[in-house]
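Enquirer: Chains A and B are the protein sequences, given in the same order.
If you count by my numbering, then the first sequence holds residues 457 to 633, one letter each, in order.
If you count by my numbering, then the second sequence holds residues 344 to 501, one letter each, in order.
Even glycine gets a Cβ: it sits at the ideal position worked out from N, Cα and C.
What you are looking at is a predicted structure, and each value in this text was computed from that prediction instead of being measured.
Shown below is the structure under consideration.
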Amino acid sequence: MQFASTHKAPHARTEQIILFRCSTQVFAISSASVQEVRSVDSLAGSPMEIDEPTLPKVRHMFRRGEQNLYVVNGAVHFGLRPSPASLILLLRRSRTALLIDGIEKMTTMTRLQALPAAFCHEERVWYRGLTVLDQNVIPAVSPEGFLTADELFLLDALVSRMVVTETAAANGIGLGL
Amino acid sequence: MSMVEQFDARSCVLLRLGDRRFALAAEQIAELVAPSRVFRFAHRTTEIDGVILRRGRVVPVCDVAEKLTGKKLTSRRFYLVATQKRGASLDWVALPVSGECELITADLTPAGESDSPHVAAWLSHDGEVIEVLNLDALTPVPGDREILTQGGSPEAHA
Numbered sequence: 457m458q459f460a461s462t463h464k465a466p467h468a469r470t471e472q473i474i475l476f477r478c479s480t481q482v483f484a485i486s487s488a489s490v491q492e493v494r495s496v497d498s499l500a501g502s503p504m505e506i507d508e509p510t511l512p513k514v515r516h517m518f519r520r521g522e523q524n525l526y527v528v529n530g531a532v533h534f535g536l537r538p539s540p541a542s543l544i545l546l547l548r549r550s551r552t553a554l555l556i557d558g559i560e561k562m563t564t565m566t567r568l569q570a571l572p573a574a575f576c577h578e579e580r581v582w583y584r585g586l587t588v589l590d591q592n593v594i595p596a597v598s599p600e601g602f603l604t605a606d607e608l609f610l611l612d613a614l615v616s617r618m619v620v621t622e623t624a625a626a627n628g629i630g631l632g633l
Numbered sequence: 344m345s346m347v348e349q350f351d352a353r354s355c356v357l358l359r360l361g362d363r364r365f366a367l368a369a370e371q372i373a374e375l376v377a378p379s380r381v382f383r384f385a386h387r388t389t390e391i392d393g394v395i396l397r398r399g400r401v402v403p404v405c406d407v408a409e410k411l412t413g414k415k416l417t418s419r420r421f422y423l424v425a426t427q428k429r430g431a432s433l434d435w436v437a438l439p440v441s442g443e444c445e446l447i448t449a450d451l452t453p454a455g456e457s458d459s460p461h462v463a464a465w466l467s468h469d470g471e472v473i474e475v476l477n478l479d480a481l482t483p484v485p486g487d488r489e490i491l492t493q494g495g496s497p498e499a500h501a
């Protein structure tokens, strides 16, 4: 005896994404990768300024819990013309906060295509792939692609030096006077 | 050298880039399409202009005219969509061309050691000696296998 097949066509897997703008371009990021969206103004006063010539995309850092969070300017990271940023995306399970111009909308993607192999430079680290939405091709960013382990190491070392210098200055020591 | 070694009749597609004609092996050609919207996004591979959408597939646009003729194309009449084998996968690349394309069968003369890497062979057609292109030497090739693996296989969504 055979039972009638109960097989149903599988539902398309979908992923919630946030479309955001940096300079003139739109990017997608998985909403699961974003922990918080903050206004730039809400961080005023607390961030520490960073001036590392080899990493112009990072100009600010702030402390959250025990961690240093580094603010990456999205436009500079992607080599786009700098523009006035208004929002910061705090990324989940990451020490990166992403400075963006604005959020376009939240939507759903059903298919992510691999970046064609002809793209063979940093974009392979920047993007998880490409998605097509409303007849537009949108790159889906990789949250891990904004700062490499080496860059984080460099920034941590820089911040440690800055903190030591500030502490020494505050205590009036180490000036040799 | 015997005639068998010297000549090998193959189907080729002739393409025009500005004033010059080149050829590609016909088996590398997927289709010839009218110019469509080129989508551009931030990247660092200077040889790639952007991407077009064909049958739901994202196809990079690579203008090889400057490498071959020294000049960028001023007008794009068609995109010749070619395929390239990269490991186990078959990649598509759209080459802008400035004129009609033609399918011919011709005897190919293999490229010599002194020829440029982009020359796979030579053919003679209508009194013209034409380079048969080696696409791998003209389009960007990932140099770092680790990077290719990292970015090349995003999780697929059904």
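(1) Reducing DSSP to helix, strand and coil, say where A/ARG617 ends up.
(2) Distance, Cα to Cα, A/VAL493 vs B/SER459?
(3) Can you tell me which of the three DSSP states A/ALA531 falls into?
(4) Are any of the Cβ atoms in chain B nearer than 8 Å to that of A/ALA613?
(5) Spatial neighbours of B/ASP406 within its chain, please: C-beta separation below 7 Å, excluding the five flanking residues on both sides.
(6) Alpha carbon to alpha carbon, how far is B/ALA368 from B/GLY413? Give it in angstroms, no decimals.
(7) Buried or exposed: where does A/PRO509 fall if 16 or more other Cβ atoms within 10 Å of its Cβ makes it buried?
(8) For a contact defined as C-beta to C-beta under 7 Å, what are the partners of B/ILE372 on chain A?
(9) Around the Cβ of A/SER550, are there at least 16 other Cβ atoms within 10 angstroms (buried) or fewer (exposed)?
(10) Within 8 Å (strictly less), CB to CB, does B/VAL356 reach chain E?
(11) What does B/PRO403 reach in chain A if we use C-beta pairs closer than 8 Å?
(12) Please list the terminal residues of the continuous alpha helix (DSSP H) segment that includes A/VAL581.
(13) Counting contacts by CB-CB distance shorter than 8 Å, is A/LEU534 in contact with chain B?
(14) Any beta carbon of chain A sitting closer than 8 Å to that of B/ALA385?
(15) Return the CA-CA distance between A/GLU524 and B/LEU476, expressed in angstroms with no decimal places.
(16) Compute the Euclidean distance between the alpha carbons of B/PHE421 and B/PRO378, then round it to the nearest angstrom.
(17) Decide yes or no for the touch test of the segment 469 to 488 of chain A against the segment 592 to 601 of chain A: beta carbon pairs closer than 8 Å, at least 3 of them.
(18) Under 8 Å, with one C-beta from each stretch per pair, do the segment 510 to 523 of chain A and the segment 570 to 588 of chain A reach the 3-pair mark?
(19) Assuming A/VAL527 contacts A/HIS516 under a Cβ cut-off of 8 Å, what Cβ separation, rounded to an integer in Å, is found between them?
(20) Given this structure, state the Cα-to-Cα distance separating A/ASP497 from A/SER542, to the nearest angstrom.
(21) Go through its chain and collect everything with a Cβ distance to B/PRO453's Cβ below 7 Å, but skip five positions before and after it.
(22) May I have the straight-line CA-CA distance separating B/PRO485 from A/PRO540, to the nearest angstrom?
(23) Given a cut-off of 8 Å, decide if B/LEU411 and B/LEU360 are closer than it, judged by their beta-carbon atoms.
(24) Tell me which residues of the segment 484 to 496 of chain A have at least one Cβ-Cβ distance to chain B shorter than 8 Å, keeping chain order.
(25) Please list, in chain order, the chain B residues whose beta carbon lies closer than 7 Å to that of A/ASN592.
(26) Using a Cβ-Cβ distance under 8 Å, would B/ARG398 count as near chain A?
(27) Can you tell me which of the three DSSP states A/LEU633 falls into?
(28) Assign A/GLU579 to one of two classes, buried (16 or more other C-beta atoms within 10 Å of its C-beta) or exposed (fewer than that).
(29) Could you tell me if A/LYS513 is buried or exposed, where buried requires 16 or more neighbouring beta carbons within 10 angstroms of its beta carbon?
Expert: With the structure as the only source:
(1) helix
(2) 53 Å
(3) helix
(4) no
(5) ASP392, LYS415, LEU416 and PRO439
(6) 23 Å
(7) exposed
(8) What B/ILE372 touches in chain A: nothing, since even the nearest Cβ is about 17 Å away.
(9) buried
(10) In summary, chain E is missing from the structure at hand, where the protein chains are A and B.
(11) PRO572, ALA574 and PHE575
(12) 579 to 582
(13) Reading off the sequence shown, one finds Phe at residue 534 of chain A, where the question assumed Leu. Taking Cβ atoms only, chain B reaches closer than 8 Å to A/PHE534, which makes this a yes.
(14) yes
(15) Looking at the sequence itself, residue 524 of chain A is Asn, so the reference to Glu does not match. Distance between the alpha carbons of A/ASN524 and B/LEU476: 52 Å.
(16) 5 Å
(17) yes
(18) no
(19) 4 Å
(20) 8 Å
(21) ALA464
(22) 34 Å
(23) yes
(24) none
(25) PHE382
(26) no
(27) Annotation note: pLDDT 42 at A/LEU633 (below 50); position unreliable, no value reported.
(28) buried
(29) buried
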